[in-house]
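To start, the structure under review is shown below, and the notes come after it.
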Amino acid sequence: MTGCLMAGATMLALASGEQFTLEWTHSVERQAWRETWEVTQDHRLHLVGAAVKGSGAGMEPGPGGYFQDGWWVWTPDLPPVPSLVLAASGKTPSAWTLCAADCLQIGATSGAPVTVAPCAGAD
Numbered sequence: 097m098t099g100c101l102m103a104g105a106t107m108l109a110l111a112s113g114e115q116f117t118l119e120w121t122h123s124v125e126r127q128a129w130r131e132t133w134e135v136t137q138d139h140r141l142h143l144v145g146a147a148v149k150g151s152g153a154g155m156e157p158g159p160g161g162y163f164q165d166g167w168w169v170w171t172p173d174l175p176p177v178p179s180l181v182l183a184a185s186g187k188t189p190s191a192w193t194l195c196a197a198d199c200l201q202i203g204a205t206s207g208a209p210v211t212v213a214p215c216a217g218a219d
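Residue numbers (my numbering): 97 to 219.
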């Protein structure tokens, strides 16, 4: 099944079951945070992996976390969601970097929140 993922006004080709990553710098701890998401067959987003470069305020690794290649890595146990809403304050240390086949920067400047969601009716 082929489909797409919308990140604000940008459309990315993404098949059901395909994964993408979101990476950013934590606003307080100034450490990298990365999440791996998967588009489910019912057009939802499922968090299948998370990793942080350090620990601190709001950055503790989840249950079962282990250290690998400089990152604390774990598999969150959360249900799929219909979309993600990312803040775009322009005041954080980094933009959000969304990578699928290609990477794009989102939310680097102040503006409305950016919604990331599977395309409506994509198949």
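Virtual Cβ for every residue (Gly too), placed ideally from N, Cα, C.
Delimiting residues of the beta strand (DSSP E) encompassing residue i
i: Thr171; result: That residue, Thr171, is in no beta strand (DSSP E); it is neither H nor E in DSSP.
i: Pro214; result: Val210 to Pro214
i: Arg130; result: Ala128 to Val135
i: Val181; result: Leu180 to Leu182
Exposed unless 16 or more other CB atoms sit within 10 angstroms - verdict on residue i
i: Val181; result: exposed
i: Leu118; result: buried
i: Ala184; result: buried
i: Leu174; result: exposed
i: Pro159; result: exposed
i: Ala196; result: buried
Residue i versus residue j - alpha carbon distance
i: Phe163; j: Trp120; result: 19 Å
i: Ile202; j: Trp192; result: 5 Å
i: Val210; j: Gln127; result: 22 Å
i: Leu108; j: Asp165; result: 29 Å
i: Ala204; j: Gln137; result: 31 Å
i: Trp168; j: Leu194; result: 20 Å
Residues bridged to residue i [DSSP beta-bridge criterion]
i: His142; result: Glu134
i: Glu119; result: Arg130 and Thr193
i: Ala204; result: In the DSSP output, where bridge partners are listed per residue, Ala204 has none listed.
For residue j and residue i, believed in contact at Cβ under 8 Å, the rounded distance
i: Trp133; j: His139; result: Trp133 to His139, Cβ: 13 Å. No contact.
i: Ser179; j: Val212; result: 6 Å
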